[in-house]
Amino acid sequence: MSHIDRGHKRPGWDEYFMQVAGVVSRRSTCIRRNIGAVIVKDKRVLATGYNGAPSGLPHCIEVGCLREQLGVPSGQRHEMCRGLHAEQNAIIQAAKYGIPVEGSTIYSTTEPCSLCTKMLINAGIKRIVYQNAYPDHLSRQLLNEAGIIVEHLEDSAGN
Numbered sequence: 046m047s048h049i050d051r052g053h054k055r056p057g058w059d060e061y062f063m064q065v066a067g068v069v070s071r072r073s074t075c076i077r078r079n080i081g082a083v084i085v086k087d088k089r090v091l092a093t094g095y096n097g098a099p100s101g102l103p104h105c106i107e108v109g110c111l112r113e114q115l116g117v118p119s120g121q122r123h124e125m126c127r128g129l130h131a132e133q134n135a136i137i138q139a140a141k142y143g144i145p146v147e148g149s150t151i152y153s154t155t156e157p158c159s160l161c162t163k164m165l166i167n168a169g170i171k172r173i174v175y176q177n178a179y180p181d182h183l184s185r186q187l188l189n190e191a192g193i194i195v196e197h198l199e200d201s202a203g204n
């Protein structure tokens with residue numbers, strides 16, 4: 046071991062970008078689940094997103110969770126929520142600032158739902174790396190049909 050390397054383990058690229066997604070998730074304003082996403086191409090961050098209400102509107106942590114108030118179970122009726130998903134916000138941020146995402150990879154702390162999956166397919170995302178599984182059969186079917194590479198990255202950083 047050199048005098049510069051004091052036992053520091055340098056993360057691989059996938060682990061690094063997933064750690065970035067984990068930090069992004071800390072900005073989430075969702076009461077139920079905190080999710081972060083990072084769109085990357087050529088080892089460069091293009092856009093980030095976390096789940097929360099549209100810009101300038103009150104967040105669920107301020108006004109309560111509409112889904113809880115209506116008794117909507119997790120994984121159902123995604124439109125019955127005042128928030129956007131992390132993947133949606135990352136795509137929107139890229140579009141807002143004119144950043145092309147075609148051919149990129151998205152890192153998400155949670156596997157995308159079918160609604161986000163359809164958006165990721167149309168945005169031209171070619172690879173999805175996620176940390177926590179989300180049971181959405183339609184999402185998995187659509188990703189398989191679209192030929193998108195999907196990889197589950199275990200939490201090796203203790204996040």
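If you read the sequence shown in my numbering, its first letter stands for residue 46, the second for the next number, and so on. Just so it is clear, CB atoms sit at the ideal spot from N, CA and C, and this is done for glycine as well.
task = To the nearest angstrom, report how far apart ILE193 and VAL146 are at their CA atoms.
result = In the sequence shown, counting from the first residue as 1, residue 193 sits at position 148. In the sequence shown, counting from the first residue as 1, residue 146 sits at position 101. About 14 Å.
request  = State the DSSP-derived secondary structure class of GLY203, mapped to helix, strand or coil.
outcome  = For the purposes of this step, residue 203 is taken as the residue at position 158 of the sequence shown. Interpretation of GLY203 is limited by its pLDDT of 45, a score under 50 that renders its predicted location unreliable; no figure is taken from the coordinates.
message = Going residue by residue through the region 95 to 180, where are the continuous beta strand (DSSP E) segments of at least 3 residues, counting only ones entirely within it?
response = 150 to 155, 172 to 177
ask   = Can you tell me where the alpha helix (DSSP H) with GLY67 in it begins and where it stops?
value = As a first step, residue 67 must be located in the sequence shown, where it is residue number 22. Start and end: 58 to 70.
task = Identify every residue that forms a DSSP beta bridge with THR93.
result = For the purposes of this step, residue 93 is taken as the residue at position 48 of the sequence shown. VAL83, per the DSSP bridge assignment.
request  = For ASP200, collect the residues of the same chain with a Cβ closer than 6 Å to its Cβ; drop the 5 residues on either side in sequence, then sort them by chain order.
outcome  = Reading the sequence shown from its first residue, position 155 is the one you call residue 200. Cβ within range, chain order: GLN176.
Contacting residues, own chain, Cβ-Cβ under 8 Å from ASP59 (five flanking each side not counted) = If you number the sequence shown from 1, residue 59 lands on position 14. TYR152, VAL174, GLU196, LEU198.
query = What residues are listed by DSSP as bridge partners for ILE76?
reply = On the sequence shown, residue 76 is found 31 positions in, with the first residue counted as 1. DSSP, once it has assigned bridges, lists no residue as partnering ILE76.
Whether ALA131 touches LEU91 by CB criterion (8 Å) = If you number the sequence shown from 1, residue 131 lands on position 86. If you number the sequence shown from 1, residue 91 lands on position 46. No; because the gap between Cβ atoms is not below 8 Å, this pair is not in contact.
key: CYS75 beta carbon less than 8 Å from that of GLY109   = Against the sequence shown, residue 109 aligns to sequence position 64. Against the sequence shown, residue 75 aligns to sequence position 30. It is not a contact, given that the beta carbons lie outside the stated cut-off.
query = Which one or two residues does DSSP pair with HIS197 in a beta bridge?
reply = Here residue 197 refers to the residue found at position 152 of the sequence shown. For HIS197, which the question treats as bridged, DSSP gives the partners TYR175.
Residue closest to GLY148, alpha-carbon to alpha-carbon, out of LEU165, THR154, SER100, SER159 = Along the sequence shown, one-based indexing puts residue 148 at 103. For the residues LEU165, THR154, SER100, SER159, the minimum Cα distance to GLY148 belongs to LEU165.
ask   = Does the beta-carbon distance from ARG112 to ARG55 come in below 8 Å?
value = On the sequence shown, position 67 is the one that residue 112 refers to. On the sequence shown, position 10 is the one that residue 55 refers to. Going by C-beta atoms, ARG112 is not nearer than 8 Å to ARG55.
ask   = Exposed or buried, LEU25, counting other C-beta atoms within 10 Å across all chains shown (16 or more means buried)?
value = Because the chain in this structure spans residues 46 to 204, residue 25 falls outside the shown range and cannot be described.
key: Nearest to ILE136 (by Cα), restricted to the options PHE62, LEU115, HIS53, ASN96   = In the sequence shown, residue 136 corresponds to position 91, counting from 1. Per the Cα distances, ASN96.
inquiry  = Looking only at its chain, what residues have a beta carbon closer than 7 Å to the beta carbon of ILE84, apart from the 5 residues adjacent to it on each side?
reply    = In the sequence shown, the residue the question calls residue 84 occupies position 39. These residues qualify, in order along the chain: LEU91, ALA92, ALA135, ALA139, VAL146, SER149, ILE151.
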